[in-house]
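Visitor:
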Amino acid sequence: MPNLPEDIIDRIRQIERKLQRTATAAATSAAVVPWQNVPLAAGFTTQTTTPQYRIQGPVVFVRGDVTAAGAGLTEGSVVAHLPSSASPAAQQVITVATPNTTASRVDVNTDGSVVYHGPNATWIAFNFVVALG
């Protein structure tokens with residue numbers, strides 16, 4: 039035989055959980071900053087998709103791709119500078135795509151500089167996430 043009071047209490051708890059998830063989702067989406075263009079260092083331009091960043095809660099999403107005039111990307115090239123609001127509290131090392139088969143990376147430093155490390159390349163994909171805290 040069904041236990042109506044317990045069934046009602048269980049259903050109320052389910053509804054409360056759904057309301058909490060909805061409130062959390064609303065708060066998270068309200069904290070999303072629109073996409074902004076990443077300030078590129080001298081000599082670097084957009085390859086096909088403009089490099090942009092967006093802060094969402096405790097992380098920064100970065101998208102786009104970059105190419106370099108002349109010699110291209112070389113070891114230690116400062117490619118871009120994220121603004122202080124999008125800079126990590128500690129250096130982050132991130133694997134990135136290039137046309138090379140050898141692994142390449144960028145270091146995103148606390149001053150916002152994005153520094154390329156890897157073999158010479160003609161472009162680099164800016165598709166990564168940076169933790170702010």
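Using this note's numbering, you'd call the opening residue of the sequence shown number 39 and step up by one each time.
Using N, Cα and C, we set each Cβ at its ideal position, and we do this for glycine too.
Between which residues of its own chain and glutamine 130 is the CB-CB distance below 6 Å, once the five residues before and five after are set aside?
Guide: The sequence position of residue 130 within the sequence shown is 92, counting from 1. Excluding positions up to five away in sequence, the list reads Val146, Val168.
Visitor: Helix or strand or just coil, what does DSSP make of glutamine 52?
Guide: Along the sequence shown, read from residue 1 onward, the residue named residue 52 stands at position 14. Reduced to three states, the DSSP call for glutamine 52 is helix.
Visitor: Rounded C-beta distance between proline 126 and leucine 170? I'm assuming under 8 Å.
Guide: One-based indexing of the sequence shown puts residue 126 at position 88. One-based indexing of the sequence shown puts residue 170 at position 132. Yes, they are in contact, since the Cβ atoms of proline 126 and leucine 170 sit about 6 Å apart, within 8 Å.
Visitor: Report yes if the CB atom of valine 70 is closer than 8 Å to the CB atom of arginine 92, and no otherwise.
Guide: The sequence position of residue 70 within the sequence shown is 32, counting from 1. The sequence position of residue 92 within the sequence shown is 54, counting from 1. Yes, Cβ-Cβ distance for valine 70 and arginine 92 is below 8 Å.
Visitor: Starting from serine 142, trace the beta strand (DSSP E) in both directions and tell me its first and last residue.
Guide: Translated into the one-based positions of the sequence shown, residue 142 becomes position 104. Serine 142 -> beta strand (DSSP E) spans 142-146.
Visitor: Quick one: Cα of alanine 141 to Cα of proline 72, how far?
Guide: Here the question's residue 141 lines up with position 103 in the sequence shown. Here the question's residue 72 lines up with position 34 in the sequence shown. When rounded, the distance between both Cα atoms is 31 Å.
Visitor: Distance, Cα to Cα, histidine 155 vs isoleucine 50?
Guide: Along the sequence shown, read from residue 1 onward, the residue named residue 155 stands at position 117. Along the sequence shown, read from residue 1 onward, the residue named residue 50 stands at position 12. Using only the alpha carbons, I get a separation of about 55 Å.
Visitor: Just to confirm my understanding: we take glycine 114, look at its own chain, exclude 5 residues before and 5 after, and list those with CB closer than 8 Å. What are they?
Guide: As a position in the sequence shown, residue 114 is number 76, starting the count at 1. Taken in chain order, the residues that qualify are Val153, Tyr154, His155.
Visitor: Output the distance between the C-alpha atoms of glutamate 44 and proline 96, rounded to the nearest integer angstrom.
Guide: Here the question's residue 44 lines up with position 6 in the sequence shown. Here the question's residue 96 lines up with position 58 in the sequence shown. Answer to the nearest angstrom: the Cα atoms are 39 Å apart.
Visitor: Which residues does DSSP pair with valine 97 in a beta bridge?
Guide: Sequence index remark: in the sequence shown, residue 97 carries index 59 (1-based). Valine 97 is bridged to Gln94, Ala169.
Visitor: Excluding five sequence neighbours on each side, which residues of the same chain lie with their C-beta closer than 6 Å to the C-beta of valine 100?
Guide: Locating residue 100 in the sequence shown gives position 62, where the first residue counts as 1. Non-local C-beta neighbours of valine 100 in its own chain, meaning closer than 6 Å and more than five positions away in sequence, comprise Tyr91, Phe164, Phe166, ordered along the chain.
Visitor: Which residues does DSSP list as the beta-bridge partners of serine 151?
Guide: One-based indexing of the sequence shown puts residue 151 at position 113. Note: serine 151 is bridge-paired with His119 in the DSSP secondary-structure output.
Visitor: Taking the beta strand (DSSP E) that alanine 163 falls in, what are its first and last residues?
Guide: Sequence index remark: in the sequence shown, residue 163 carries index 125 (1-based). Residues 161-163.
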